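*Asks:*
In UniProt numbering, the protein residues as written are 1 to 140.
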């Protein structure tokens, strides 16, 4: 069980894990930068993304980010969702990047009235270079 900002408790047994793998035309560095972006250009490829911001930098590889999502893709009448996440990243010696997300509560970010905190146990990306660095395998 995990307590959300609204003190709602969710049983994680009801949420299956999903993994997606694809080969992307681009270097692992460029894909990493694209995935880390929280600016307006993110909505060009992330149809759920409305806006985002870094709430706090914790160290050189960890920060707290707020992502707000559009409600267009939700069933009619549902409120928009947001996610307050601890985001950690690292680069391996072989050029692979790892980005990990975990839902958190943070003193600098109180619940928004027009949003509901989305359910997310954890998530992440593994971006591995292939074919001499011109393409990358991305695992979500």
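Backbone N, C-alpha and C fix where the C-beta goes; we use that ideal spot for every residue, glycine too.
In this text the structure is predicted, and so the values were computed from the model without any measurement.
#1: Relative to the alpha-carbon of residue 71, which residue among 111, 130, 48 and 104 has its alpha-carbon at the smallest distance?
#2: Excluding the 5 residues preceding and the 5 following residue 19 in the sequence, name in chain order all residues of the same chain whose CB lies nearer than 8 Å to its CB.
#3: Rounded to whole angstroms, what is the Cα-Cα separation between residue 112 and residue 104?
#4: Enumerate in chain order the residues of its own chain whose CB-to-CB distance from residue 43 is below 6 Å, with the five nearest sequence positions on each side excluded.
#5: Check the DSSP bridge columns for residue 89 and list the partner residues they point to.
#6: Where do the ends of the beta strand (DSSP E) carrying residue 110 lie?
#7: Just checking, does the region 18-32 make contact with the region 62-71 on the three C-beta pairs under 8 Å criterion?
#8: State the DSSP-derived secondary structure class of residue 223, mapped to helix, strand or coil.
#9: Quickly, what does DSSP pair residue 94 with across the bridge? List them, please.
#10: On a CA-only basis, which of 117, 78, 41 and 108 is nearest residue 55? Give me that one, please.
#11: Residue range of the alpha helix (DSSP H) that residue 31 falls in?
#12: Look up residue 52 in the DSSP assignment and say whether it is helix, strand or coil.
#13: Can you tell me which of 126, 120 and 90 puts its alpha carbon nearest to the alpha carbon of residue 63?
#14: Output yes or no for whether 7 Å exceeds the beta carbon distance between residue 118 and residue 81.
*Replies:* On the basis of the data shown:
#1: 48
#2: Once the five neighbours on either side are set aside, the close Cβ partners of residue 19 are 139 and 140.
#3: Taking C-alpha positions only, residue 112 is separated from residue 104 by approximately 15 Å.
#4: 49
#5: Looking at the DSSP assignment, residue 89 forms a beta bridge with 99.
#6: Neither: residue 110 is in no beta strand (DSSP E) and is coded neither H nor E.
#7: no
#8: Residue numbering for the chain in the displayed model covers 1 to 140; residue 223 lies beyond these limits and cannot be assessed.
#9: The partner list for residue 94 (beta bridge, DSSP) is empty, contrary to what the question assumes.
#10: 108
#11: Run containing residue 31: 28-36, per the alpha helix (DSSP H) assignment.
#12: Correct three-state label for residue 52: strand.
#13: 90
#14: In contact: residue 118 and residue 81 (Cβ atoms closer than 7 Å).
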